[in-house]
Amino acid sequence: MFCARRLIDIEAEVKYGENMILERKMKLDIPDLKQQIGEFQNDYETTVPDPRTALLEFAGLMQMYNGAMKEVSTKLEVLDDEFHIRHCHNPIHHLECRMKSIRSIYEKMQKLGVPPTTDAARKNVLDIAGIRVICNFIDDIYLMEKLLMRQADVALVMRKDYIETPKANGYRSLHIIVQIPVYLSNATEIIPVEIQMRTVAMDYWASLEHMLRYKNNNADTQKYSTALFECAETLAETERTMQKIHNGLTFDMSTSFPW
Ligand code: GTP
Ligand code: MG
Numbered sequence: 241m242f243c244a245r246r247l248i249d250i251e252a253e254v255k256y257g258e259n260m261i262l263e264r265k266m267k268l269d270i271p272d273l274k275q276q277i278g279e280f281q282n283d284y285e286t287t288v289p290d291p292r293t294a295l296l297e298f299a300g301l302m303q304m305y306n307g308a309m310k311e312v313s314t315k316l317e318v319l320d321d322e323f324h325i326r327h328c329h330n331p332i333h334h335l336e337c338r339m340k341s342i343r344s345i346y347e348k349m350q351k352l353g354v355p356p357t358t359d360a361a362r363k364n365v366l367d368i369a370g371i372r373v374i375c376n377f378i379d380d381i382y383l384m385e386k387l388l389m390r391q392a393d394v395a396l397v398m399r400k401d402y403i404e405t406p407k408a409n410g411y412r413s414l415h416i417i418v419q420i421p422v423y424l425s426n427a428t429e430i431i432p433v434e435i436q437m438r439t440v441a442m443d444y445w446a447s448l449e450h451m452l453r454y455k456n457n458n459a460d461t462q463k464y465s466t467a468l469f470e471c472a473e474t475l476a477e478t479e480r481t482m483q484k485i486h487n488g489l490t491f492d493m494s495t496s497f498p499w
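The sequence shown begins at 241 in my numbering and counts up one residue at a time.
Here is the structure:
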């Protein structure tokens with residue numbers, strides 16, 4: 241599950257006079273990892289020969305991906321904060337971060353037909369760390385992508401623009417996989433992070449469509465998929481109009497952001 245970082249992951253608010261420091265809870269949960277490995281062994285009747293080594297190896301892997309996810313989300317927040325100061329506009333409505341569970345990583349590897357090792361996971365599963373960037377307007381999506389991609393330590397691995405070319409069901413979002421260095425005590429690891437960028441309306445649509453998919457009921461799929469497709473088209477049209485109104489009310493971003 242993705243969890244909204246600004247809303248849920250704020251563990252404590254410590255007030256120092258007028259300033260407020262937000263401490264975010266994004267630490268690895270080792271008991272939870274242990275439980276996931278236990279469940280994984282039961283569900284798949286797999287015996288891990290040395291569970292302690294497997295846990296250590298897996299915890300190390302998850303820690304790197306968690307680090308990469310924090311680095312990228314911080315970069316996005318810094319850009320959003322700067323944009324707010326310079327232009328009184330926040331391109332990002334909110335961010336959601338999630339780490340893939342052991343079960344989902346394993347299932348994806350089975351689907352890809354690769355062996356269940358941490359090495360194979362690193363090579364083949366590029367969405368272990370995921371960030372969903374929910375933007376206010378369509379232009380904000382491409383702006384955030386451009387500003388992130390021009391950073392020297394961020395490299396593009398894959399890009400799918402389902403806004404320019406929506407999926408047949410009407411799904412819209414910009415998906416990019418980037419890789420960034422994570423500096424550890426004895427090594428620098430290059431780690432991929434999947435970023436899904438969409439507007440509030442695209443997100444609202446995708447949540448409802450996800451419910452339909454999750455129910456996996458043929459009658460409901462037939463009944464609602466055409467209506468959902470039409471909703472996606474209507475929302476896209478409304479968003480284009482709202483973008484024009486927003487542009488008219490504010491300034492021309494391309495000229496007032498002089499980079
Ligand atoms: P995965 O194996 O699911 O990662 O798919 P993929 O590697 O083919 O990538 P793709 O870019 O198509 O989709 C990745 C993710 O985007 C999914 O896991 C969903 O979170 C989201 N997504 C993609 N297509 C749809 C869709 O039609 N509806 C909804 N609700 N979400 C979608
Ligand atoms: Mg995925």
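C-beta atoms are modelled at their ideal positions from N, C-alpha and C, and glycine is treated no differently.
Legend entry - Inter-residue Cα distance where the pair is residue 439 and residue 469: Within the sequence shown, the letter at position 199 stands for residue 439. Within the sequence shown, the letter at position 229 stands for residue 469. Their backbone Cα atoms lie some 17 Å apart in a straight line.
Where do the ends of the alpha helix (DSSP H) carrying residue 440 lie?
By 1-based counting over the sequence shown, the position of residue 440 is 200. From DSSP, the alpha helix (DSSP H) with residue 440 extends over 440-455.
Is residue 400 near ligand 1, in the sense that its beta carbon is under 8 Å from a heavy atom of that ligand? Translated into positions along the sequence shown, residue 400 becomes position 160. Flag set: Cβ of residue 400 near ligand 1.
message: Going by DSSP in three states, residue 370 sits in which element: helix, strand or coil?
response: As a first step, residue 370 is located in the sequence shown; it is residue number 130 there, counting from the start. The answer is strand: DSSP assigns residue 370 an E or B state.
| said: Only counting the same chain, and skipping five residues up and downstream in sequence, which positions put a Cβ closer than 8 Å to that of residue 473? | reply: Within the sequence shown, residue 473 is the residue found at index 233, counting from 1. Taken in chain order, the residues that qualify are 410.
- Which of the three DSSP states, helix, strand or coil, is assigned to residue 479? As a position in the sequence shown, residue 479 is number 239, starting the count at 1. Three-state result, residue 479: helix.
CA-to-CA distance, residue 378 to residue 479, given in whole angstroms: Working through the sequence shown from its first residue, we reach residue 479 at position 239. Working through the sequence shown from its first residue, we reach residue 378 at position 138. Approximately 7 Å, taken between the alpha carbons.
Rounded to whole angstroms, what is the Cα-Cα separation between residue 452 and residue 376? One-based indexing of the sequence shown puts residue 452 at position 212. One-based indexing of the sequence shown puts residue 376 at position 136. Distance from the CA atom of residue 452 to the CA atom of residue 376, rounded to whole angstroms, is 25 Å.
Need the endpoints of the beta strand (DSSP E) that residue 419 sits in, please. The sequence position of residue 419 within the sequence shown is 179, counting from 1. 414-423 is the extent of the beta strand (DSSP E) around residue 419.
C-beta contact flag for residue 398 and residue 366 at 9 Å
If you number the sequence shown from 1, residue 398 lands on position 158. If you number the sequence shown from 1, residue 366 lands on position 126. Cβ distance < 9 Å, so residue 398 and residue 366 count as in contact.
Query raised in the report: By the 10 Å Cβ neighbour count, where 16 or more other Cβ atoms means buried, how is residue 389 classified, buried or exposed?
Result: Residue numbering aside, residue 389 sits at position 149 when the sequence shown is read from its first letter. By the neighbour-count rule (16 or more Cβ atoms within 10 Å), residue 389 is not buried but exposed.
Reference residue 384, options 437, 305, 327, closest by Cα
Within the sequence shown, residue 384 is the residue found at index 144, counting from 1. If you compare the alpha carbons of 437, 305, 327 with that of residue 384, the shortest gap goes to 437.
Report the CB separation of residue 373 from residue 394 in whole angstroms; it is logged as a contact under 8 Å.
Taking the sequence shown and counting its residues from 1, one reaches residue 373 at position 133. Taking the sequence shown and counting its residues from 1, one reaches residue 394 at position 154. A Cβ-Cβ distance of about 14 Å is found for the pair residue 373 and residue 394, leaving them out of contact under the 8 Å criterion.
Which of the three DSSP states, helix, strand or coil, is assigned to residue 320?
Taking the sequence shown and counting its residues from 1, the one referred to as residue 320 is at position 80. The answer is helix: DSSP assigns residue 320 an H, G or I state.
_Quick check on the DSSP output: the beta strand (DSSP E) that includes residue 336 runs from which residue to which?_
Walking along the sequence shown from the start, residue 336 turns up at place 96. In the DSSP assignment, residue 336 falls within the unbroken beta strand (DSSP E) covering 332-339.
Answer yes if the stretch 294-314 comes into contact with the stretch 348-364, meaning at least three C-beta pairs across the two stretches below 8 Å, and no otherwise.
The stretch 348-364 makes contact with the stretch 294-314, as at least three CB pairs between them are under 8 Å.
### Query
Regarding residue 391 and ligand 1, is the C-beta to nearest heavy atom distance less than 8 Å?
One-based indexing of the sequence shown puts residue 391 at position 151. False, no ligand heavy atom lies under 8 Å from that Cβ.
- Query: Using a Cβ-Cβ cut-off of 7 Å (strictly less than) and excluding sequence neighbours within five positions of residue 270, which residues of its own chain qualify?
  - Reply: Here residue 270 refers to the residue found at position 30 of the sequence shown. Contacts found: 299.
In three-state DSSP terms, what is residue 490? Against the sequence shown, residue 490 aligns to sequence position 250. Secondary structure of residue 490 (DSSP, three-state): coil.
Helix, strand or coil, according to DSSP, for residue 461 in the structure here? Along the sequence shown, one-based indexing puts residue 461 at 221. Correct three-state label for residue 461: helix.
Smallest Cα separation from residue 487: which of 446, 364, 327, 396? Translated into the one-based positions of the sequence shown, residue 487 becomes position 247. Selection 446, 364, 327, 396 evaluated against residue 487 yields 327 as nearest (Cα-Cα).
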